[in-house]
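Here is the structure we will look at, set down as structure tokens.
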Amino acid sequence: MSRFGRSGPPPIRDTYSLLVLNITFRTTADDLSPLFEKYGEVVDIYIPRDRRTGDSRGFAFVRYKYEEEAQKAVDRLDGKLVDGREIMVQFAKYGPNAERIQKGRIMETVPRSRGRSRSRSPRRGYRDDYRDRDYYRKRSRSRDRYGRDRYRERDYHRRSRSRSYTPDDYRRRGRDSRSPSRSRSHSYTPDDYRKRGKHSSSAPPVHRLRKEAPVRRLRKEAPVRRLHAEAPDK
DNA sequence: GTTGAGCGTT
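In terms of my numbering, the first sequence is numbered consecutively and its last residue is 234.
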């Protein structure tokens, strides 16, 4: 819904759309309306919102009936402090269906070169496809990156404690890629198992390896005991 | 609850 059109937007042709950028996320059409109406006949005010949360996306469209009035609003309102922020007012460049606009007014430059070779309902497919792609591209700019990027960062730090995975790793492990602990493959040699025969369970913990390595280097008499222990073993 | 380049209908 827009500010003035209770039943859908008023006819968009023959109006001059202004794009109002940099308004706060709390500014509503009602806040903008008195401001812009001072300079002419405002046909409609529309603030795009998040479809889920309903939050403002931080800009608005103000449509004037006459170009001179729209132009005047640009001159007077561009750079004006509204709700603590300097708004930017300019003529809109694109319409709801990505039609080109000149001076805020839609120019009928609809893609006519796509021909009629499409036999089956090309209109709906093209439109929906465009709008969906556009929607997700735009939404992923500032607000939506919160939950997702935050999560991704945490996940990244968690799994990068041991080593970094190559794209090949992900491809090989496929859906299992979320549990890296399983693939922590140290690849023990037979020698490893022989040296710690008494703890010989299946897979010795990693920290044992780190602890024992220096010990072996420090004890100079260790090899002697090992020799005694190993010799009569057969 | 956070945000900040851009172009559109509940």
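We put the CB at the ideal spot given by N, CA and C, even for glycine. Keep in mind that this is a model prediction, so the values were computed, not measured.
- The three-state reading of DSSP puts ASP44 in strand, counting E and B together.
- Separation of the CB atoms of GLY40 and LYS65 is rounded to 7 Å, and the pair is thereby assigned contact status at 8 Å.
- About 5 Å separates the beta carbons of PHE59 and LEU21, which is inside the 8 Å limit, making them a contact pair.
- Pairing ILE101 with SER2 gives a Cβ-Cβ distance that is not under 8 Å.
- Spatial neighbours of ASP30 in its own chain (CB-CB distance under 8 Å, excluding positions within 5 residues in sequence) are listed in chain order as ARG3.
- Within the same chain, and ignoring the five residues on either side of THR15 in sequence, the residues whose Cβ sits closer than 8 Å to its Cβ are VAL43, ASP44, ARG63, TYR64, LYS65, GLY104 and ARG105.
- Within the region 28 to 105, the runs of alpha helix (DSSP H) at least 4 residues long that lie entirely inside it are, in chain order, 29 to 37 and 67 to 77.
- Nearest to ASN97 by alpha-carbon distance, out of MET107, GLU69, PRO34 and THR53, is MET107.
- LEU77 places its beta carbon less than 8 Å from that of LEU35.
- With respect to the C-alpha of VAL89, the residue from ARG57, THR27, ALA70 and ASP50 having the closest C-alpha is ALA70.
- Of the residues assessed, TYR94 falls on the exposed side of the cut-off, its CB having fewer than 16 other CB atoms within 10 angstroms.
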